[in-house]
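Undergrad: The following block contains the structure, expressed as structure tokens.
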Amino acid sequence: MLSLKNIYYHPSTAEKPILNNLCLNSKVGTITIIRGPSGSGKTTLVEVISGLSGYQKGEIKWFDKTLNARQLRLLCGLVFQFPERYFLGLSVAQELRLGHKKLTTEEQISTLNKVGLNNLDLKKRPESLSGGQQRRLAIAVQLLRNPKILLLDEPTAGLDWSVKNGVIELLSKLKEKQTILIVTHEPELFKNLITDCYELSEGHLTPNTNNSTKQCQIH
Ligand SMILES: Nc1ncnc2c1ncn2[C@@H]1O[C@H](COP(=O)(O)OP(=O)(O)O)[C@@H](O)[C@H]1O
Ligand SMILES: [Mg+2]
């Protein structure tokens with residue numbers, strides 16, 4: 001169980017706190033959806049959870065252990081919004097081997113299979129893949145780190161309608177092995193997943209634990 005207790009984050013460059021007394025519980029093996037309009041602090045929240053941004057007050061726990069930023073970075077895999085913009089490898093194989101120099105071809109293929117990229121040519125340039133394939137590759141890169149928690153910032157943004165559903169199906173499959181936390185401004189797309197749903201507003205999270213899927217449909 002991931003739990004955030006009274007997280008307060010007010011960077012000196014911001015007029016007011018971005019996260020203010022924020023609480024969250026995310027259970028193992030579930031998908032937690034956090035919805036909120038643009039500018040509500042969704043990206044900031046996933047950066048805090050994954051240890052990329054500090055916070056001034058509160059605590060983040062994994063089960064009963066309070067974690068520091070370094071421990072959070074090890075625990076979490078963060079798929080940024082538009083992750084395809086940050087590919088560095090000249091080929092799919094190179095992209096997978098960044099930080100995993102000794103990754104064998106078999107391991108690369110098995111990781112790609114986990115995200116539904118079966119039979120993908122490892123020599124292909126990442127930028128030559130389709131939008132949906134690029135998102136899947138970005139998720140595969142994070143899975144290689146064996147994160148306990150997979151965080152996704154707007155995983156369906158900018159994808160064609162037909163492709164969005166494929167990504168959602170993939171996340172639904174991955175939830176069997178990971179705790180997944182998704183921040184999105186289009187929660188209605190996730191209505192068929194059994195999820196916990198929270199609304200982010202004014203730096204607080206309001207849980208919609210009862211009838212969460214219905215709540216998720218309201219934008
Ligand atoms: N380091 C920072 N300094 C000042 N303002 C920030 C900083 N990080 C985020 N913000 C502001 O906090 C708000 C929330 O940003 P963000 O987390 O990107 O929201 P969302 O992902 O929901 O669109 C925005 O108004 C943004 O400009
Ligand atoms: Mg954002």
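Residue 1 is where the sequence shown starts when you use the working numbering, and the numbers rise one by one after that.
All residues carry an ideal CB built from backbone N, CA and C; glycine is no exception.
All figures in this text were calculated on a predicted structure; none of them were measured in a lab.
#1: Near His152, which residues of its chain fall below 6 Å by C-beta distance, leaving aside the five closest residues on each side in sequence?
#2: Can you name the residues that DSSP bridges to Asp196?
#3: From Ala93 to Thr105, what does the alpha carbon distance come to, in whole angstroms?
#4: Looking at the secondary structure, which residues open and close the alpha helix (DSSP H) in which Gly158 lies?
#5: Since Met1 and Asn25 are thought to touch, with beta carbons under 8 Å apart, how far apart are those beta carbons, to the nearest angstrom?
#6: Cβ of Gly39 within 6 Å of any heavy atom in ligand 1?
#7: Return the residue from the list Gly77, Val28, Arg73, Asp121 that minimises the CA-CA distance to His176.
#8: What are the start and end residues of each continuous alpha helix (DSSP H) run of 4 or more residues lying completely inside the segment 89-144, in chain order?
#9: Measuring alpha carbon to alpha carbon, tell me which residue in Gln133, Thr156, Leu170 is nearest Glu188.
#10: Return helix, strand or coil for Asn165, following the three-state DSSP convention.
#11: Which residues share a DSSP beta bridge with Leu19?
#12: Taking all protein chains shown into account, do 16 or more other C-beta atoms lie within 10 angstroms of the C-beta of Gly99, making it buried, or fewer, making it exposed?
#13: By how many angstroms is the C-alpha of His10 removed from the C-alpha of Thr44?
#14: Going by Cα to Cα distance, which pick from Arg135, Ser12, Ser128 is closest to Leu112?
TA: If we stick to the structure as given:
#1: The amino acid occupying residue 152 in the given sequence is Leu; His does not appear at that position. The answer, listed in chain order, is Val79, Ile182.
#2: Thr32
#3: Taking the straight line from one Cα to the other gives about 8 Å.
#4: Annotation: Gly158 is outside any alpha helix (DSSP H) and is labelled neither H nor E by DSSP.
#5: Rounded, the Cβ-Cβ distance is 6 Å, consistent with contact.
#6: yes
#7: Here the sequence assigns Glu to residue 176, which means His is not the residue at that position. Of the candidates Gly77, Val28, Arg73, Asp121, the one whose C-alpha sits nearest the C-alpha of Glu176 is Val28.
#8: 92-97, 105-114, 131-143
#9: Taking only the C-alpha atoms, the option nearest Glu188 is Thr156.
#10: helix
#11: Per DSSP, Tyr9.
#12: exposed
#13: Roughly 11 Å between the two C-alpha positions.
#14: Arg135
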